[in-house]
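Single-structure report; data block below.
Protein chains in written order, with the working numbering: chain A, -5 to 368; chain B, 11 to 263.
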């Protein structure tokens, strides 16, 4: 920016006198500043004085200039006499140099490679310990519930049940219908080339009931209900509600976690069943509209492919997924940091870890059922 | 006035991991005191309160409540001690999904054998005590900040505790509501004989209600003054205490 600012200096009796005149607004004169710095560095004066009688207006750029000048002077043990500066500028500089600054914290990335590995291992051990303690708490809470001495309020259970059941029905129906539609569509392209399009009905019926229904409901509920659990409990952490529970001696596992886990474990198999039905309807839509199959024909082949074993395997998946989603949501909510970002991080972790654990559990269940021949 | 120490802190070191906020501090809180924990921001006041209420383990040292070591107590002993203490958090910490009546009824349902009707009556009484009669069916989101604090206090008083801890009770309140809360604290202390422990840096509250206090020094990480706040104002033992009690040199009184 163009200003009429003039900065000049002279040496008198080993003292540096700086003259400022004009308007120092958004002042940036590299040349003048450079010659001033080099003068101070090469022949350090005993003291620095200022003459600002002709200084008109100034802003932060001049304040910053003086701030840097004083820092430089302090390094070289040069005294700076501020009395010639406007009083406002003197007060600002006084404030800037009286604020005590603590030494910055050592940054974690300054650790060497071995230390970082050690830190990661310690972090993993800590997570495993916390996770185990949380699971232990939940198991004890279930024990208390069975013994009839829990503090869980029925109203909280019904509220959780309503939230993860009827209110989730719409999105579960839509997604499951679409998945059935996609399964049938992908299958139809291949099967049509062999004239075997009628087996689309079998493909959809087996696919949805055995695993796809449960997985899709799991993913939806992890994103919807698991995230909601983490956010709700995380916000309670921020609002000191969890502290209040602790100081009242009421276990959070009884009061907050138990109703949520029970509701989701109960509702997930039912939602899986509903998703199976909606997926089959989605498949039938493709069968009837694209492959010219009759509804009766599609229904007969679906019934023929349907087995109780596949259906129960799907339901079992749903039950396990319900448990995983509720545990992840509640755990990350309880361990959320006490700030807005902490709630966001907890929500993300709850969803991601629920999906990861669902896949791990699917692998384990599939392996186990394979071993016992189901 | 009974001067038996109800709470004793012995060589208490408070901090997080290797970061020490308070180093080996010791103090006593007497029965029926209105005890103020004051000091500059970042001095460890709230962390000390978390240690006193059992929410955080001290790095070393002991907290004795009625001569029972809170830090080493079994979970049953801790539960019994917790029932003798109430806490009013800065935000009120009311459960947002519950009405005021349900919030206050919760500890009564948990720890007493009162019938539902008695609990309902007790809740009304506690709400009336804090000036919230008729607000039983309101949710926390439907009342003002000052009312939330009073409702939080009603919940803290539900089990007739011997000690009530307050974390920044005046924070976020207008001067009139703040004064009303101060008056309420004095009434509870005088009428119920409850020991009150307050973490605050609100000078008007400190001078109006405090009968005893400690000043936590952020530089030395120790207690640099103790005694009645008004006496400390008259004879400040050091510059930090003087600056704090006079808003940096501008006398409050």
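For each residue, glycine too, the CB sits at the ideal point set by N, CA and C. All of these numbers come straight from a predicted model, not from anything done at the bench.
{"Item": "Take the Cβ of residue 36 (chain A) as the centre, count every other Cβ of all protein chains shown within 10 Å, and call the residue buried at 16 or more, exposed below.", "Value": "exposed"}
{"Item": "Between residue 115 (chain B) and residue 133 (chain B), is the Cβ-Cβ spacing less than 8 angstroms?", "Value": "yes"}
{"Item": "Consult DSSP for residue 140 (chain B) and reduce its assignment to one of helix, strand or coil.", "Value": "coil"}
{"Item": "Which residues in chain A have a C-beta closer than 8 angstroms to the C-beta of residue 99 (chain B)? List them in chain order.", "Value": "234, 237 and 238"}
{"Item": "Compare the C-beta of residue 244 (chain A) with all C-beta atoms of chain B and state if any pair is closer than 8 angstroms.", "Value": "yes"}
{"Item": "Kindly identify the DSSP beta-bridge partner or partners of residue 264 (chain B).", "Value": "With chain B represented from 11 up to 263, any question about residue 264 (chain B) goes unanswered, as that position is not in the structure."}
{"Item": "List, in order along the chain, the chain A residues whose C-beta lies closer than 9 angstroms to that of residue 132 (chain B)?", "Value": "Neighbours of residue 132 (chain B) on chain A: none; closest Cβ ~15 angstroms, over 9 angstroms."}
{"Item": "Which residues, in order along the stretch 252 to 276 of chain A, keep a beta-carbon less than 9 angstroms from a beta-carbon of chain B?", "Value": "none"}
{"Item": "Going by beta carbon distance, what residues of the same chain come within less than 8 angstroms of residue 39 (chain A), once the five residues before and after it are set aside?", "Value": "5, 8, 9, 10 and 72"}
{"Item": "In its own chain, which residues sit with a C-beta less than 6 angstroms from the C-beta of residue 45 (chain B), not counting the 5 before and 5 after it?", "Value": "39, 207 and 222"}
{"Item": "With 16 other CB atoms within 10 Å as the buried threshold, where does residue 93 (chain A) fall?", "Value": "Its pLDDT being 49, under 50, residue 93 (chain A) is placed unreliably in this model, and the value from its coordinates should be taken loosely. Its Cβ having fewer than 16 others within 10 Å, residue 93 (chain A) is exposed."}
{"Item": "Are three or more beta carbon pairs between the stretch 67 to 80 of chain B and the stretch 236 to 252 of chain B nearer than 8 angstroms?", "Value": "no"}
{"Item": "Since residue 237 (chain A) is in the alpha helix (DSSP H), which residue starts that stretch and which ends it?", "Value": "235 to 241"}
{"Item": "Mind pulling the chain A residues with CB within less than 7 angstroms of residue 157 (chain B)?", "Value": "Chain A residues near residue 157 (chain B): none, gap ~16 angstroms exceeds 7 angstroms."}
{"Item": "On the DSSP bridge assignment, give the partners of residue 96 (chain B) in chain order.", "Value": "B:174"}
{"Item": "How would you list, in chain order, the residues of chain B whose beta-carbon sits under 8 angstroms from the beta-carbon of residue 114 (chain A)?", "Value": "The premise fails here: residue 114 (chain A) is roughly 17 angstroms from chain B at the closest Cβ pair, so nothing lies under 8 angstroms."}
{"Item": "For residue 32 (chain A), which three-state DSSP category applies?", "Value": "helix"}
{"Item": "With DSSP run on the structure shown, which of helix, strand or coil describes residue 341 (chain A)?", "Value": "helix"}
{"Item": "Of all the options B:29, B:83 and B:14, which has the alpha carbon lying nearest to the alpha carbon of residue 228 (chain B)?", "Value": "B:29"}
{"Item": "For residue 287 (chain A), name the three-state secondary structure that DSSP assigns.", "Value": "coil"}
{"Item": "Per DSSP, what are the beta-bridge partners of residue 206 (chain B) in this structure?", "Value": "B:44 and B:174"}
{"Item": "Tell me the start and end of each unbroken alpha helix (DSSP H) in the stretch 20 to 88 of chain A that is at least 4 residues and wholly inside, in chain order.", "Value": "24 to 36 and 54 to 69"}
{"Item": "Contact criterion: CB-CB distance below 8 angstroms. Does residue 243 (chain B) meet it with respect to chain A?", "Value": "no"}
{"Item": "Does at least one heavy atom of the ligand PLP sit under 7 angstroms from the Cβ of residue 344 (chain A)?", "Value": "With respect to small molecules bound, the structure shown includes none, and the ligand PLP cannot be examined in it."}
{"Item": "Am I right that residue 319 (chain A) and residue 216 (chain A) are in contact with their C-beta atoms under 8 angstroms? What's the rounded C-beta distance?", "Value": "5 angstroms"}
{"Item": "Examine chain A for any beta-carbon lying closer than 8 angstroms to the beta-carbon of residue 67 (chain B), and answer yes or no.", "Value": "no"}
{"Item": "Residues in the stretch 12 to 36 of chain B with C-beta within 8 angstroms of chain A's C-beta atoms, listed in sequence order?", "Value": "none"}
{"Item": "Could you tell me the alpha carbon to alpha carbon distance between residue 206 (chain A) and residue 230 (chain A), rounded to whole angstroms?", "Value": "35 angstroms"}
{"Item": "To be precise: take each residue of the stretch 141 to 153 of chain A, compare its Cβ to all Cβ atoms of chain B, and keep it if any distance is under 7 angstroms. Which residues remain?", "Value": "145"}
{"Item": "Measure the Cβ-Cβ separation of residue 204 (chain B) and residue 171 (chain B) and say whether it is below 8 angstroms.", "Value": "yes"}
{"Item": "Should residue 366 (chain A) be labelled buried (16 or more other beta-carbon atoms within 10 Å of its own) or exposed?", "Value": "exposed"}
{"Item": "Using Cβ-Cβ distances below 7 angstroms, what residues of the stretch 75 to 92 of chain B are close to chain A?", "Value": "89 and 92"}
{"Item": "Can you name, in chain order, every residue of its own chain whose Cβ lies under 6 angstroms from the Cβ of residue 220 (chain B), other than the five neighbours on each side?", "Value": "44, 46 and 239"}
{"Item": "Out of curiosity, what's the CA-to-CA distance linking residue 158 (chain A) and residue 257 (chain A)?", "Value": "7 angstroms"}
{"Item": "Assign residue 22 (chain A) to buried or exposed, taking buried as 16 or more other Cβ atoms, counted over all protein chains shown, within 10 Å of its Cβ.", "Value": "exposed"}
{"Item": "Using the beta-carbon count (16 or more within 10 Å), is residue 58 (chain A) buried or exposed?", "Value": "exposed"}
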